[in-house]
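> Take this structure first; my questions come after.
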Amino acid sequence: MKRLLFALLALLTAAFAAGCGEETEEPHINIGDMESGAGITSAADLAAFFESGGERAVLARSVDMEDAMLTLSAARGHITIEGRGNTISGNADCVIRLEDGAELTLEEVNITGGAAGIGGLGSGKISGQGAINAVAHAVDFAAGIEFGENSRFYIKSNRGCAIRAGRLSMGMGCAVYAQGGESASAVNIFEEDILLDEGALLEALTEANYNALKCTGTLVMQDGATLKVKNNGEYHGAELNEIELYGVTNIEADGGDKGVGMFAFSADGDYYAVGHCEPEMVIETGNGSVTFVNDAADIPEPTPEPTLATEE
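See the structure below:
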(Lines of atoms letter the chains of each structure in order from A; the text may use other names.)
(Lines give C-alpha, C1' and ligand atoms only; values in the text may rest on other atoms or scores of the structure.)
Protein backbone atom coordinates (compact mmCIF):
# COMPACT_ATOMS: atom_id res chain seq x y z
CA MET A 143 0.00 0.00 0.00
CA LYS A 144 2.84 2.38 0.93
CA ARG A 145 4.59 1.60 -2.35
CA LEU A 146 1.41 2.46 -4.26
CA LEU A 147 1.08 5.80 -2.42
CA PHE A 148 4.70 6.73 -3.18
CA ALA A 149 4.20 5.85 -6.85
CA LEU A 150 1.05 7.99 -7.08
CA LEU A 151 2.86 10.90 -5.37
CA ALA A 152 5.74 10.68 -7.86
CA LEU A 153 3.33 10.71 -10.80
CA LEU A 154 1.50 13.76 -9.45
CA THR A 155 4.80 15.64 -8.92
CA ALA A 156 5.94 14.90 -12.47
CA ALA A 157 2.59 16.04 -13.88
CA PHE A 158 2.74 19.31 -11.92
CA ALA A 159 6.25 20.04 -13.21
CA ALA A 160 5.21 19.34 -16.78
CA GLY A 161 2.24 21.68 -16.45
CA CYS A 162 4.40 24.61 -15.19
CA GLY A 163 7.08 24.12 -17.81
CA GLU A 164 10.69 25.29 -17.40
CA GLU A 165 11.46 28.15 -15.01
CA THR A 166 11.49 31.54 -16.80
CA GLU A 167 14.98 33.10 -16.91
CA GLU A 168 15.47 36.65 -15.66
CA PRO A 169 16.19 39.13 -18.50
CA HIS A 170 19.83 40.29 -18.59
CA ILE A 171 22.21 42.36 -20.67
CA ASN A 172 24.76 40.46 -22.68
CA ILE A 173 27.90 42.55 -22.14
CA GLY A 174 29.53 40.77 -25.06
CA ASP A 175 26.86 41.94 -27.49
CA MET A 176 28.84 44.32 -29.67
CA GLU A 177 25.85 45.01 -31.89
CA SER A 178 24.02 46.79 -29.08
CA GLY A 179 27.23 48.01 -27.51
CA ALA A 180 25.81 47.48 -24.02
CA GLY A 181 27.95 47.05 -20.94
CA ILE A 182 31.53 47.41 -22.25
CA THR A 183 33.94 46.23 -19.54
CA SER A 184 37.24 45.49 -21.29
CA ALA A 185 39.68 46.88 -23.83
CA ALA A 186 38.93 43.96 -26.16
CA ASP A 187 35.19 44.66 -26.04
CA LEU A 188 35.71 48.36 -26.73
CA ALA A 189 38.08 47.70 -29.63
CA ALA A 190 35.56 45.28 -31.14
CA PHE A 191 32.80 47.86 -30.81
CA PHE A 192 34.88 50.50 -32.62
CA GLU A 193 35.64 48.04 -35.39
CA SER A 194 32.25 46.51 -36.10
CA GLY A 195 29.73 47.20 -33.34
CA GLY A 196 26.47 49.09 -33.30
CA GLU A 197 25.94 52.82 -33.03
CA ARG A 198 26.12 53.11 -29.25
CA ALA A 199 28.31 51.75 -26.45
CA VAL A 200 27.81 51.97 -22.69
CA LEU A 201 30.90 51.87 -20.49
CA ALA A 202 30.18 49.75 -17.45
CA ARG A 203 33.61 50.63 -16.05
CA SER A 204 36.76 52.55 -16.94
CA VAL A 205 38.85 50.95 -19.69
CA ASP A 206 42.64 51.12 -20.15
CA MET A 207 43.64 50.49 -23.76
CA GLU A 208 47.34 50.45 -22.80
CA ASP A 209 49.35 50.55 -26.08
CA ALA A 210 46.38 49.80 -28.36
CA MET A 211 44.74 52.63 -30.31
CA LEU A 212 41.01 52.87 -30.92
CA THR A 213 40.27 53.82 -34.55
CA LEU A 214 36.92 55.06 -35.81
CA SER A 215 36.80 54.47 -39.55
CA ALA A 216 35.03 56.66 -42.06
CA ALA A 217 32.91 53.63 -42.98
CA ARG A 218 31.62 53.37 -39.39
CA GLY A 219 30.66 57.02 -39.63
CA HIS A 220 29.17 58.11 -36.30
CA ILE A 221 29.13 56.33 -32.94
CA THR A 222 28.17 57.30 -29.41
CA ILE A 223 29.87 56.28 -26.17
CA GLU A 224 27.87 56.67 -22.97
CA GLY A 225 30.54 56.90 -20.31
CA ARG A 226 28.58 57.40 -17.08
CA GLY A 227 31.64 59.24 -15.75
CA ASN A 228 34.08 56.46 -16.64
CA THR A 229 37.46 56.94 -18.34
CA ILE A 230 39.07 55.59 -21.50
CA SER A 231 42.84 55.79 -21.15
CA GLY A 232 45.83 54.63 -23.16
CA ASN A 233 49.49 55.14 -24.07
CA ALA A 234 49.36 54.80 -27.86
CA ASP A 235 50.10 57.75 -30.16
CA CYS A 236 46.55 58.80 -29.34
CA VAL A 237 43.79 57.09 -27.38
CA ILE A 238 41.22 57.51 -30.18
CA ARG A 239 41.92 58.24 -33.84
CA LEU A 240 39.17 59.45 -36.16
CA GLU A 241 39.53 58.82 -39.86
CA ASP A 242 38.63 61.72 -42.15
CA GLY A 243 34.92 62.53 -41.78
CA ALA A 244 34.25 60.29 -38.76
CA GLU A 245 32.05 61.61 -35.94
CA LEU A 246 32.28 60.68 -32.26
CA THR A 247 29.79 61.55 -29.53
CA LEU A 248 31.02 61.26 -25.95
CA GLU A 249 28.44 61.37 -23.16
CA GLU A 250 30.08 61.94 -19.78
CA VAL A 251 33.30 60.28 -20.91
CA ASN A 252 36.82 61.14 -19.74
CA ILE A 253 39.72 60.56 -22.15
CA THR A 254 43.23 60.33 -20.66
CA GLY A 255 46.22 59.95 -22.96
CA GLY A 256 49.80 59.11 -22.05
CA ALA A 257 50.64 60.74 -25.39
CA ALA A 258 47.80 62.44 -27.34
CA GLY A 259 44.10 62.21 -26.53
CA ILE A 260 41.92 62.30 -29.67
CA GLY A 261 43.42 62.91 -33.10
CA GLY A 262 43.17 62.38 -36.83
CA LEU A 263 45.07 62.79 -40.07
CA GLY A 264 42.07 64.50 -41.68
CA SER A 265 38.99 66.18 -40.21
CA GLY A 266 36.67 64.95 -37.50
CA LYS A 267 33.72 65.93 -35.33
CA ILE A 268 33.33 65.51 -31.59
CA SER A 269 30.08 66.10 -29.70
CA GLY A 270 28.74 65.56 -26.21
CA GLN A 271 30.23 66.23 -22.78
CA GLY A 272 33.40 65.18 -21.03
CA ALA A 273 37.06 65.86 -20.29
CA ILE A 274 40.06 65.20 -22.52
CA ASN A 275 43.48 65.18 -20.84
CA ALA A 276 46.81 64.27 -22.40
CA VAL A 277 50.55 64.62 -21.94
CA ALA A 278 51.02 65.76 -25.56
CA HIS A 279 48.35 67.51 -27.67
CA ALA A 280 44.97 66.62 -26.19
CA VAL A 281 42.99 67.16 -29.43
CA ASP A 282 45.17 67.00 -32.54
CA PHE A 283 43.81 67.04 -36.13
CA ALA A 284 45.87 67.63 -39.25
CA ALA A 285 42.94 69.19 -41.15
CA GLY A 286 40.13 70.39 -38.90
CA ILE A 287 38.07 69.66 -35.82
CA GLU A 288 34.42 70.51 -35.23
CA PHE A 289 32.67 70.50 -31.87
CA GLY A 290 28.95 69.82 -32.16
CA GLU A 291 26.08 72.01 -30.99
CA ASN A 292 25.59 72.33 -27.21
CA SER A 293 28.67 70.25 -26.49
CA ARG A 294 30.77 70.92 -23.39
CA PHE A 295 34.37 69.81 -23.07
CA TYR A 296 37.23 70.49 -20.66
CA ILE A 297 40.49 69.93 -22.52
CA LYS A 298 43.96 70.04 -20.97
CA SER A 299 47.50 69.15 -22.00
CA ASN A 300 50.53 68.81 -19.76
CA ARG A 301 53.16 69.61 -22.40
CA GLY A 302 51.38 70.34 -25.67
CA CYS A 303 48.33 72.17 -26.96
CA ALA A 304 44.88 71.49 -25.62
CA ILE A 305 43.64 71.88 -29.23
CA ARG A 306 45.89 71.76 -32.27
CA ALA A 307 44.25 71.65 -35.71
CA GLY A 308 44.24 73.10 -39.20
CA ARG A 309 40.90 74.76 -38.45
CA LEU A 310 38.39 74.91 -35.61
CA SER A 311 34.60 75.09 -35.81
CA MET A 312 32.27 75.28 -32.81
CA GLY A 313 28.52 74.75 -33.13
CA MET A 314 25.72 76.79 -31.58
CA GLY A 315 25.77 76.77 -27.78
CA CYS A 316 29.00 74.78 -27.64
CA ALA A 317 31.46 75.44 -24.78
CA VAL A 318 35.13 74.40 -24.80
CA TYR A 319 37.57 75.17 -21.99
CA ALA A 320 41.18 74.68 -23.11
CA GLN A 321 44.33 74.79 -21.00
CA GLY A 322 47.73 74.49 -22.65
CA GLY A 323 50.82 72.72 -21.40
CA GLU A 324 54.20 73.99 -20.34
CA SER A 325 55.57 74.34 -23.88
CA ALA A 326 52.66 75.24 -26.19
CA SER A 327 49.60 77.40 -26.75
CA ALA A 328 46.27 76.30 -25.36
CA VAL A 329 44.71 76.57 -28.85
CA ASN A 330 46.82 76.52 -32.02
CA ILE A 331 44.97 76.72 -35.35
CA PHE A 332 47.73 76.62 -37.92
CA GLU A 333 46.12 76.77 -41.38
CA GLU A 334 42.62 78.21 -41.57
CA ASP A 335 39.96 79.88 -39.41
CA ILE A 336 38.32 79.66 -36.03
CA LEU A 337 34.53 79.76 -36.43
CA LEU A 338 32.40 80.37 -33.33
CA ASP A 339 28.70 79.96 -34.08
CA GLU A 340 25.90 81.72 -32.19
CA GLY A 341 26.21 81.31 -28.42
CA ALA A 342 29.45 79.34 -28.61
CA LEU A 343 32.12 79.80 -25.92
CA LEU A 344 35.85 79.22 -26.33
CA GLU A 345 38.18 79.74 -23.39
CA ALA A 346 41.96 79.42 -23.73
CA LEU A 347 44.41 79.62 -20.83
CA THR A 348 48.16 79.19 -20.70
CA GLU A 349 50.77 79.50 -17.98
CA ALA A 350 53.63 79.17 -20.48
CA ASN A 351 55.53 81.67 -22.61
CA TYR A 352 53.33 81.14 -25.66
CA ASN A 353 50.19 82.80 -26.94
CA ALA A 354 47.14 81.39 -25.19
CA LEU A 355 45.41 81.23 -28.58
CA LYS A 356 47.04 81.39 -32.00
CA CYS A 357 45.23 81.39 -35.35
CA THR A 358 46.94 81.88 -38.70
CA GLY A 359 43.53 82.43 -40.29
CA THR A 360 40.54 84.56 -39.28
CA LEU A 361 38.69 84.51 -35.98
CA VAL A 362 34.99 84.67 -36.94
CA MET A 363 32.46 85.17 -34.14
CA GLN A 364 28.70 85.11 -34.63
CA ASP A 365 26.06 86.83 -32.50
CA GLY A 366 26.24 85.79 -28.84
CA ALA A 367 29.59 84.03 -29.17
CA THR A 368 32.18 84.44 -26.40
CA LEU A 369 35.97 84.28 -26.44
CA LYS A 370 38.04 84.28 -23.25
CA VAL A 371 41.83 84.20 -23.48
CA LYS A 372 44.32 84.60 -20.66
CA ASN A 373 48.10 84.38 -20.69
CA ASN A 374 49.77 84.10 -17.31
CA GLY A 375 53.18 84.01 -19.01
CA GLU A 376 54.81 86.61 -21.24
CA TYR A 377 53.06 86.74 -24.62
CA HIS A 378 49.65 87.58 -26.07
CA GLY A 379 46.27 86.36 -24.98
CA ALA A 380 45.43 85.80 -28.66
CA GLU A 381 47.41 86.21 -31.87
CA LEU A 382 45.27 86.27 -35.02
CA ASN A 383 45.77 86.90 -38.68
CA GLU A 384 42.37 88.64 -39.00
CA ILE A 385 39.18 89.14 -37.01
CA GLU A 386 35.50 89.37 -38.01
CA LEU A 387 32.68 89.99 -35.53
CA TYR A 388 28.94 89.75 -36.26
CA GLY A 389 26.12 90.84 -33.97
CA VAL A 390 26.87 91.24 -30.26
CA THR A 391 29.96 89.27 -29.28
CA ASN A 392 31.78 88.95 -25.96
CA ILE A 393 35.56 89.04 -25.60
CA GLU A 394 37.69 88.94 -22.46
CA ALA A 395 41.37 89.08 -23.37
CA ASP A 396 44.29 89.30 -20.94
CA GLY A 397 47.86 89.26 -22.21
CA GLY A 398 51.10 88.32 -20.52
CA ASP A 399 53.88 90.48 -19.13
CA LYS A 400 55.34 91.30 -22.57
CA GLY A 401 52.25 90.90 -24.74
CA VAL A 402 48.81 92.35 -25.34
CA GLY A 403 45.33 90.97 -24.83
CA MET A 404 44.81 90.50 -28.57
CA PHE A 405 47.09 91.00 -31.55
CA ALA A 406 45.80 90.89 -35.13
CA PHE A 407 47.89 91.29 -38.25
CA SER A 408 44.92 92.77 -40.12
CA ALA A 409 41.33 93.98 -39.72
CA ASP A 410 39.14 95.65 -42.32
CA GLY A 411 35.90 96.31 -40.43
CA ASP A 412 35.08 98.50 -37.45
CA TYR A 413 33.78 96.15 -34.76
CA TYR A 414 32.44 96.36 -31.22
CA ALA A 415 32.67 93.70 -28.53
CA VAL A 416 31.37 93.53 -24.97
CA GLY A 417 34.25 92.92 -22.57
CA HIS A 418 37.85 94.06 -22.26
CA CYS A 419 41.31 93.70 -23.76
CA GLU A 420 44.33 94.28 -21.52
CA PRO A 421 46.84 95.43 -22.57
CA GLU A 422 45.10 97.21 -25.43
CA MET A 423 44.56 95.35 -28.70
CA VAL A 424 47.08 95.89 -31.50
CA ILE A 425 46.11 95.69 -35.19
CA GLU A 426 49.19 95.82 -37.38
CA THR A 427 47.69 96.69 -40.79
CA GLY A 428 44.33 97.60 -42.32
CA ASN A 429 41.75 100.25 -41.58
CA GLY A 430 39.72 98.20 -39.10
CA SER A 431 39.29 98.46 -35.35
CA VAL A 432 37.76 96.67 -32.37
CA THR A 433 36.18 98.81 -29.65
CA PHE A 434 35.46 97.19 -26.29
CA VAL A 435 32.40 98.32 -24.32
CA ASN A 436 30.96 97.41 -20.94
CA ASP A 437 27.44 96.67 -22.13
CA ALA A 438 25.70 95.76 -25.36
CA ALA A 439 23.61 98.93 -24.97
CA ASP A 440 26.82 100.92 -25.54
CA ILE A 441 27.19 99.56 -29.07
CA PRO A 442 25.95 102.17 -31.56
CA GLU A 443 23.31 101.25 -34.08
CA PRO A 444 24.78 100.58 -37.51
CA THR A 445 24.48 103.42 -39.98
CA PRO A 446 21.94 102.51 -42.69
CA GLU A 447 23.32 102.11 -46.17
CA PRO A 448 22.33 105.00 -48.46
CA THR A 449 19.52 104.28 -50.91
CA LEU A 450 18.53 105.92 -54.18
CA ALA A 451 15.74 107.79 -52.35
CA THR A 452 18.09 109.30 -49.77
CA GLU A 453 20.66 110.21 -52.39
CA GLU A 454 18.04 112.18 -54.36
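Read in order, the letters of the sequence shown are residues 143 to 454 in my numbering. Note that CB positions come from ideal geometry on N, CA and C, so glycine has one too.
Within 10 angstroms of the Cβ of Ile171, are there 16 or more other Cβ atoms? Answer buried if so, exposed if not.
Its pLDDT being 35, under 50, Ile171 is placed unreliably by the model, and nothing is read from it.
> Buried or exposed for Asn374, going by 16 or more other Cβ atoms inside 10 Å?
Asn374 comes out exposed.
> Cα-Cα, which of Tyr319, Phe407 and Ser269 is closest to Cys357?
Measuring from the Cα of Cys357, the nearest candidate turns out to be Phe407.
> Quickly, what does DSSP pair Thr470 with across the bridge? List them, please.
Residue 470 lies beyond the stretch modelled for the chain, which goes from 143 to 454, so this question has no answer here.
> Are the CB atoms of Ile238 and Leu214 within a distance shorter than 9 angstroms?
Result yes, Cβ atoms of Leu214 and Ile238 sit closer than 9 angstroms.
> First and last residue of the beta strand (DSSP E) that includes Ser184?
No beta strand (DSSP E) holds Ser184; DSSP gives it neither H nor E.
> Residues in the same chain with beta-carbon distance under 8 angstroms from Asp242, minus the five sequence neighbours each way, listed in chain order, please.
Taken in chain order, the residues that qualify are Ala216, Gly262, Leu263, Gly264, Ser265, Gly266 and Ala285.
> For Asn353, count neighbouring Cβ atoms within 10 angstroms of its own Cβ and tell me buried if that reaches 16, exposed if not.
Buried is the call here.
> So what does Arg301 bridge to, in DSSP terms?
Paired residue(s): none; Arg301 is not in a bridge.
> Would you report the Cα separation of Thr348 and Ser327, rounded to the nearest angstrom?
Straight-line Cα distance between these residues: approximately 6 angstroms.
> Report the residue from Gly308, Ala317 and Ser269 whose alpha carbon sits nearest the alpha carbon of Gly290.
When each option's Cα is compared against that of Gly290, the closest is Ser269.
> Provide the residue span of the beta strand (DSSP E) that contains Arg198, from first to last.
Arg198 to Val200 is the extent of the beta strand (DSSP E) around Arg198.
> Leaving out five residues on either side along the sequence, give the residues of the same chain with a beta carbon under 6 angstroms from the beta carbon of Asn300.
Taken in chain order, the residues that qualify are Val277 and Gly323.
> Please classify Asn429 as buried or exposed, where buried requires at least 16 other C-beta atoms within 10 Å of its C-beta.
It counts as exposed.
> Gly227 to Glu250, Cα distance in whole Å?
Taking the straight line joining both Cα atoms gives about 5 angstroms.
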